[in-house]
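At position 126 of the sequence shown (counting the first as 1) the number is 628 in this note's numbering, and the numbers step up by one without a gap.
We put the CB at the ideal spot given by N, CA and C, even for glycine.
Bear in mind that the values here come from a model prediction, so they are computed numbers and not experimental data.
Reviewing the structure listed below.
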Amino acid sequence: MKKSTKSFLLFVLASSMVASPVFAAKKSKKDKKNAVRFIQVAHTPTNVPYGFLNEKGQSDGFEVSVLRAVDELLPQYEFNFNAVSDDELLIGIETGKYQVGTKGAWLTEERKKKFLIPSSPIAASVIGLAFRTSDAQKIKDMDSFAAYSGKLIPISPLSAQYSVIDDYNKAHQGKAQIKLVPSDVFDIADSYLWVLEGRYDGYLVLKLSFEKNVLKESGPYHQFADKLSYVPYKGIPTWPLFNKNEEELVKAYDQAIKTLQENGTIEKLSQKYFGENVFDFVTE
């Protein structure tokens, strides 16, 4: 073999030995990419500020942003977000079209049966009392409202709000009770007016709803903003709902949420979307 040919072959061999780790690294990255599992996440399109489509048509909101932060901590998954109706969200998670969904959902016995529920909630809804400003010296919280009269706007037994008051009364046996009157409709449109008229003394309502409908200048009841007051009662945790077959995803979610709580991400996002830390109102 000629010396020049032998030298060339040795050069090619040496080059391939040097390059092989590079090729191996590329192959490893490719394999890792192929191993990533895509997770379909469903959220509601208009549930501000929990989950909605922003002006650019992009998935946005507190719960959506928390799940994006969760996704950043889980290299084995990649989350795709889908804005869908409430019904499609629930049916889609149950059938496996979506692996997880978020809609500012409170925990119910029915949801426990249909979905996997993680150990850690994703957000909270602050609920409290709307009442006449003229009673502001007498009504400071739920206890003082119960002592004052306890006359609350009727609540549908099918709503989660009914359970909130039922739980309150059970926890205050022997003390002043809230008058829990069942309603045959889910939502009473004239609730604020009934309070102002004196038919009832309080209306159990979400803080965000009060701010939107009464305090906001464009709200339908803004004309009564100086006649209605509000005191928060408690924060009700809201939960992401997982498909029944997603045990590993639920475990990964819980681990990620713990990290996000410890590094302050959850509180920062809450301040961004709610203007306060909603978890400060959660007592359980």
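*Hey, how far is the Cα of Phe581 from the Cα of Arg570?*
Their Cα atoms are separated by approximately 7 Å.
_Would you call the segment 749-759 in contact with the segment 639-659, where contact means no fewer than 3 C-beta pairs closer than 8 Å?_
Counting C-beta pairs closer than 8 Å gives fewer than three between the segment 749-759 and the segment 639-659, which falls short of the contact rule.
*Quick one, are the C-beta atoms of Phe617 and Ile595 less than 8 Å apart?*
At a Cβ-Cβ threshold of 8 Å, Phe617 and Ile595 count as neighbours.
*Neighbour-count burial assignment, Gln578, 16 or more Cβ in a 10 Å radius*: Gln578 sits exposed, since fewer than 16 C-beta atoms from the chains shown fall within 10 Å of its C-beta.
*Of the choices Ile667, Lys736, Ala758, whose alpha-carbon is the least far from that of Pro620?*
Ranking the options by Cα distance to Pro620, first place goes to Ala758.
*May I ask you to list the residues that DSSP assigns as paired with His545?*
For His545, which the question treats as bridged, DSSP gives the partners Ala585, Thr604.
_Euclidean distance between Cα positions of Arg634 and Val733_ = A straight line joining the alpha-carbon of Arg634 with that of Val733 spans about 11 Å.
_Contact under 8 Å by Cβ, Thr610 with Ala662_ = When the beta-carbon positions are compared, Thr610 and Ala662 come within less than 8 Å of each other.
_Restricting to runs no shorter than 3 residues, where is the beta strand (DSSP E) found entirely within the segment 656-710?_
Counting only runs of 3 or more, we get 705-708.
*Are there 16 or more other CB atoms within 10 angstroms of the CB of Glu788, so buried, or fewer, so exposed?*
Coverage of the chain is limited to positions 503 through 786, which leaves residue 788 absent and any answer about it impossible.
*Can you tell me which of Lys774, Ile768, Gln773 puts its alpha carbon nearest to the alpha carbon of Pro623?*
The shortest Cα separation from Pro623 among Lys774, Ile768, Gln773 belongs to Ile768.
*asked:* Which residue wins for smallest C-alpha separation from Asn747, given the options Ala537, Gly598, Ala544, Val566?
replied: If we check each option's Cα against that of Asn747, Gly598 comes out closest.
*Looking only at DSSP bridge pairs, what is Arg539 linked to?*
DSSP output for Arg539 lists Tyr579 as bridge partner(s).
*Would you decide whether Gly606 is buried or exposed? Buried here means 16 or more other CB atoms lie within 10 Å of its CB.*
It is buried - the Cβ of Gly606 has at least 16 other Cβ atoms within 10 Å.
_Which runs of the beta strand (DSSP E) at least 3 residues long sit entirely within the segment 607-657? Give them in chain order._
Listed in chain order, the complete beta strand (DSSP E) runs (minimum 3 residues) inside the segment 607-657 are 625-634.
*Relative to the alpha-carbon of Asp728, which residue among Gly704, Asp703, Leu698 has its alpha-carbon at the smallest distance?*
Measuring from the Cα of Asp728, the nearest candidate turns out to be Leu698.
*Taking 8 Å as the threshold, find out whether the segment 585-592 comes into contact with the segment 536-556 through three or more Cβ pairs.*
In this structure the segment 585-592 touches the segment 536-556; the number of beta carbon pairs closer than 8 Å is three or more.
*Is it the case that the Cβ atoms of Leu682 and Ile657 are separated by a distance below 8 Å?*
Yes.
_I'd like to know whether the C-beta atoms of Gly704 and Ile629 end up nearer to each other than 8 Å._
Not in contact: Gly704 and Ile629 (Cβ atoms no closer than 8 Å).
*Are the C-beta atoms of Tyr650 and some chain C residue less than 8 Å apart?*
This model lacks chain C altogether, as it is built from one protein chain only.
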